[in-house]
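In what follows, a single structure is set out as structure tokens and then discussed.
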Amino acid sequence: MNRSITLLVIGLGFSLLPGCASNKGSAIYEDPSAVAVLSPTQGSSVHGTVTFVRTSGVALVNVNMTGFKPNTSHGMHIHESGDCTARDASSAGEHFNPTSAEHGGPEKASRHSGDLGNVTADSKGEIYASFKVGEIAFGTGQDSIIGRGLVVHAGADDLTSQPAGNSGARVACGMITRNPDRMTYSKAGDS
1272 MNRSITLLVI GLGFSLLPGC ASNKGSAIYE DPSAVAVLSP TQGSSVHGTV TFVRTSGVAL
1332 VNVNMTGFKP NTSHGMHIHE SGDCTARDAS SAGEHFNPTS AEHGGPEKAS RHSGDLGNVT
1392 ADSKGEIYAS FKVGEIAFGT GQDSIIGRGL VVHAGADDLT SQPAGNSGAR VACGMITRNP
1452 DRMTYSKAGD S
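Oh and the sequence shown: position 67 is 1338 in this note's numbering, straight run, nothing missing.
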């Protein structure tokens, strides 16, 4: 019996070794996190993932998307609903704005909670970016981003026009969902 227990413990130890392997190009977060897997709207080829990790009173936003025209900027917003079923993503509703603030850039003290600013595609039409925004709620209350939609627009957000920044059609949409307590983020193509 002791031999069986010893073999079981050794077997369990070996099964955990792959979890200790190096994740080159990856970061492991243990803070609360969420993810949106973005799918293209009709006529678009934009797709990818955006992760949110709460750390030290702010949210780290990691963007990993492709399918854009090279060297273009795009407004990115959290929207009221995670419903992305409409071909143009109009089912996601308006910008997430539980405080009834005016639209603005992420550096503005008073803005929609869903205003994330602009992201810019590189010469290959890809966006790999990380930036911080003010506190984002990951709970279940009305301020939470969980279950909301993340929408990327065809053009840049001018960060001033009301009510939504004049950033054009919606080119990608995904529902923001909870991530496991432990989440790995890596740039596409890294091994």
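Beta carbons are placed, not taken as given, at the ideal position from N, Cα and C, and that holds for glycine.
From the options, residue whose alpha carbon lies closest to that of residue i
{"i": "Gly1388", "options": "Ala1357, Ala1360, Ser1304 and Val1332", "result": "Val1332"}
{"i": "Thr1391", "options": "Leu1421, Asp1428 and Leu1309", "result": "Asp1428"}
{"i": "Gly1216", "options": "His1345, Lys1340 and Ser1352", "result": "No answer is possible for residue 1216: it lies beyond the span of the chain, which begins at 1272 and ends at 1462."}
{"i": "Thr1448", "options": "Gly1353, Ser1361, Asn1335 and Phe1339", "result": "Gly1353"}
{"i": "Phe1367", "options": "Glu1351, Ser1361, Thr1356 and Cys1355", "result": "Glu1351"}
{"i": "Pro1311", "options": "His1348, Val1442 and Met1446", "result": "Val1442"}
{"i": "Ala1330", "options": "Leu1421, Lys1403 and Ala1363", "result": "Lys1403"}
{"i": "Val1422", "options": "Met1347, His1318 and Val1306", "result": "Met1347"}
{"i": "Pro1369", "options": "Met1446, Asn1450, Ile1407 and His1424", "result": "Ile1407"}
{"i": "Asp1414", "options": "Ile1349, Thr1337 and His1318", "result": "Ile1349"}
Outcome for residue i when other beta-carbon atoms lying within 10 angstroms are tallied against a minimum of 16
{"i": "Ser1462", "result": "Because Ser1462 sits at a pLDDT of 34, beneath the cut-off of 50, its placement in the model cannot be relied upon, and the point is left open."}
{"i": "Arg1358", "result": "exposed"}
{"i": "Ser1253", "result": "The structure shown has nothing for residue 1253, since the chain only spans 1272 to 1462."}
{"i": "Ser1327", "result": "exposed"}
{"i": "Thr1356", "result": "exposed"}
{"i": "Ser1304", "result": "buried"}
{"i": "Gly1439", "result": "exposed"}
{"i": "Gly1314", "result": "exposed"}
{"i": "Asn1294", "result": "Confidence is the limiting factor: at Asn1294 the pLDDT is only 41, short of 50, which leaves the residue's position unreliable, though a coordinate-based value still follows. Exposed is the call here."}
Residues that DSSP places opposite residue i in a beta bridge
{"i": "Pro1311", "result": "Ala1443"}
{"i": "Asp1386", "result": "His1348"}
{"i": "Phe1367", "result": "Paired residues: none, contrary to the question."}
{"i": "Ile1398", "result": "Met1336"}
{"i": "Ala1357", "result": "Paired residue(s): none; Ala1357 is not in a bridge."}
{"i": "Gly1418", "result": "DSSP lists no partner for Gly1418."}
{"i": "Ser1304", "result": "Val1324"}
{"i": "Val1329", "result": "Thr1326"}
CB-CB length for residue i against residue j, believed under 8 angstroms
{"i": "Asn1342", "j": "Ser1394", "result": "6 angstroms"}
{"i": "Phe1409", "j": "Ile1416", "result": "7 angstroms"}
{"i": "Leu1309", "j": "Val1321", "result": "7 angstroms"}
{"i": "Phe1339", "j": "Gly1396", "result": "4 angstroms"}
{"i": "Ala1307", "j": "Met1446", "result": "6 angstroms"}
Minimum Cβ-Cβ distance from residue i to chain B less than 9 angstroms
{"i": "Thr1322", "result": "Although the question refers to chain B, the structure presented lacks it and comprises just one protein chain."}
Residue i Cβ short of 8 angstroms to the ligand NAD heavy atom set
{"i": "Gly1346", "result": "Absence of the ligand NAD from the depicted structure is noted, as is the absence of any ligand whatsoever, leaving it without description."}
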